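A short write-up of the structure that comes next.
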Amino acid sequence: MTALSLSLAIPAADDASSPVTDEPVALLQLDLSDPPEAASAVYREVRRGRRVVAVACGRADAPARLAQALDAIGVVAALPVPGAGLLSGGVSVVAGPETAPPRPASPPARPLRVALAGCGVVGGGVLARLLADARFELIGVLVRDPAKPRDTAIPSGLALSDPAALLAREPDVLVEAISDASTGRALIRAALARGVHVVSANKQAVGGDLPALSALAEASGARLLYSASVGGGAPLIETVRRARAHGEVVRIEAVLNGTCNFILNRLSQGVAFDQALDGARVAGFAEEDPSADLTGLDAAAKLSILAHEGAGLILPVEGIGRDTLDAQAPSGRVRQLARLEAASGIASVRLAAVDGDRLFADLDDEWNALRVTTADGRVFTARGRGAGRIPTTESVWADLSDLAAN
Ligand code: HSE
């Protein structure tokens, strides 16, 4: 896969909710023999805030296959017809030659030694990708029950149930994808204290403790990456960082929980509450204990992370006012909306009507969305699949790939 550099500033399409006009453009020439890998390359550019023109090389259906792989992550791609403008959307996919140009040979590097903690929806997705990528050597997998059957089997000798034994194997990186807050946080702390880089998808662990964890990482020289902890595959943390780099963030509004969004959409279609919740569980959107989704606790932890990223605020998760979603949910175009007013530090997660607000109203299934407003009135937005194995794994994978590249 070859990335051609193209650093043009192209005006963005007119989008009332996203008047940002200066995203750079990446031109990628992609070999479609492995659609998920090609989609990963596009995703990494998107989360850097770039518009992408992807040239899909391979059979005639290569563009459609790439668009499908991107949709699974939550990246919407346009397939412009010949003669139409290439950059009308965030990602444009065009057909390339049958054979992609050879990749430039990269120098052989020692594989990164990776310890994986958790092997559920996200950890299981990461496990499969780690086992298929020579850049990484999997050295241990922390699980509660090593004997439990899994979609991807843990290779013999790698399953462990003792966190200390996992770190004793001396990983370069810990991928932390466990659902429990305190176990996750203790493990992240122990890893960072040893100088082990951490990639976490655990919002409850990171959200309650981000300033302290960041300080620990800085002191030991380890990196702490946690893109997947907010928004699944939607690049929400990256968008907030871009907004902050532009200017003072005054407001954050967001739909941050895929399960609630999925349930609210189903309720508006007349589906019963319990059936909608079951659907979210089966799809792998809901937490092991879905009360964290339904009471807004999950979204509050994510908002606390965004508040720190956007405005340097330390918001205890328990202090964020919340509404609970249950069978008595209000009708109409309702969302579980997280809001932060940065000046006052007032933050909440409320069930709110969003009828006229297209960014949030047109949010299907488990999708999440974010709007950040800066002091000069500029608005930054992002959308994507907010939960589920494929998009969340992709986000962890992009963090891991960034580490491997460095
Ligand atoms: N339970 C979470 C959600 C998973 O539904 O958003 C992703 O963080």
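Read in order, the letters of the sequence shown are residues 2 to 407 in my numbering.
We put the CB at the ideal spot given by N, CA and C, even for glycine.
Remember, predicted model here, so these are calculated numbers, not experimental data.
In the DSSP assignment, Ala339 falls within the beta strand (DSSP E) that extends over Val335 to Glu342. In the three-state DSSP reduction, Pro25 falls in the strand class (E or B). Nearest Cα to Leu404 within the set Val200, Ala178 and Ala148: Val200. Taken atom to atom, the span from the alpha-carbon of Gly234 to that of Pro83 is near 30 Å.
The beta carbon of Glu239 sits closer than 6 Å to the beta carbons of Arg48 from its chain, once the five residues preceding and following it are set aside; these are given in chain order. Under the three-pair Cβ rule at 8 Å, the region 298-315 counts as touching the region 236-254. Secondary structure of Phe286 (DSSP, three-state): coil. A Cβ-Cβ separation of about 18 Å leaves Leu168 out of contact with Val207 under the 8 Å criterion.
Buried is the label assigned to Pro64, since at least 16 other Cβ atoms lie within 10 Å of its Cβ. In the three-state reduction of the DSSP assignment, Ile253 falls in the strand class, which pools E and B. The alpha-carbon of Lys303 is positioned some 21 Å away from that of Asn266. For Ser180, the number of other beta carbons within 10 angstroms of its own is at least 16, and it is reported as buried. Set against 7 Å, the gap from the CB of Asn407 to the closest heavy atom of the ligand HSE is not smaller. Between the alpha carbons of Ala110 and Leu316 lies a gap of roughly 41 Å. Under the three-state reduction of DSSP, Cys120 is assigned to coil, being neither helix nor strand. The three-state reading of DSSP puts Thr100 in coil, since its state is none of H, G, I, E or B. A direct Cα-Cα distance of roughly 40 Å separates Thr325 from Leu80. Around the beta carbon of Ala300, 16 or more other beta carbons lie within 10 angstroms, which makes this residue buried. Residue side-chain check: Asn203 keeps its Cβ at 7 Å or more from all non-hydrogen atoms of the ligand HSE. Under the DSSP assignment, Arg242 falls in the alpha helix (DSSP H) whose first and last residues are Leu237 to His247. Residue environment: Glu289 is assigned as exposed (fewer than 16 neighbouring CB atoms within 10 Å of its CB, all protein chains considered). In the structure shown, Arg190 adopts helical secondary structure according to DSSP, grouped into three states. By the neighbour-count criterion, in which a residue is buried when 16 or more other Cβ atoms sit within 10 angstroms of its Cβ, Val43 is buried. For Pro156, same chain residues with a beta-carbon under 8 Å away, outside a window of 5 residues either side, are Leu132 and Leu139 in chain order. When only Cα atoms are considered, Glu319 and Ile253 end up about 18 Å apart. A distance of 8 Å or more separates the beta carbons of Leu237 and Asp400. If you check the C-beta of Gly124 against the ligand HSE, you find no heavy atom less than 7 Å away. Sequence-distant partners of Ala388 (beyond 5 residues in either direction) whose C-beta falls short of 7 Å from its own C-beta, in its chain, are Gly233, Gly259, Thr260, Phe286 and Glu367. Straight-line measurement puts the Cα of Gly346 at about 12 Å from the Cα of Gly322.
Judged by DSSP in its simplified three-state form, Val200 adopts strand. Within the same chain, Cys120 and Gly125 come within 7 Å of Arg151 by CB-CB distance, once the 5 residues on both sides are set aside. Beta-bridge pairing by DSSP links Asp32 to Cys58. Within its own chain, the residues whose Cβ lies closer than 6 Å to the Cβ of Ala118, once the five positions on either side in sequence are excluded, are Leu143, Glu177, Ile179 and Leu188, listed in chain order. Distances between the C-beta of Glu249 and the heavy atoms of the ligand HSE are all 7 Å or more.
Taking all protein chains shown into account, Thr100 has fewer than 16 neighbouring C-beta atoms within 10 Å of its C-beta and is therefore exposed. Taking 8 Å as the upper bound for CB-CB distance, Ile74 and Lys204 are not in contact here, some 19 Å apart.
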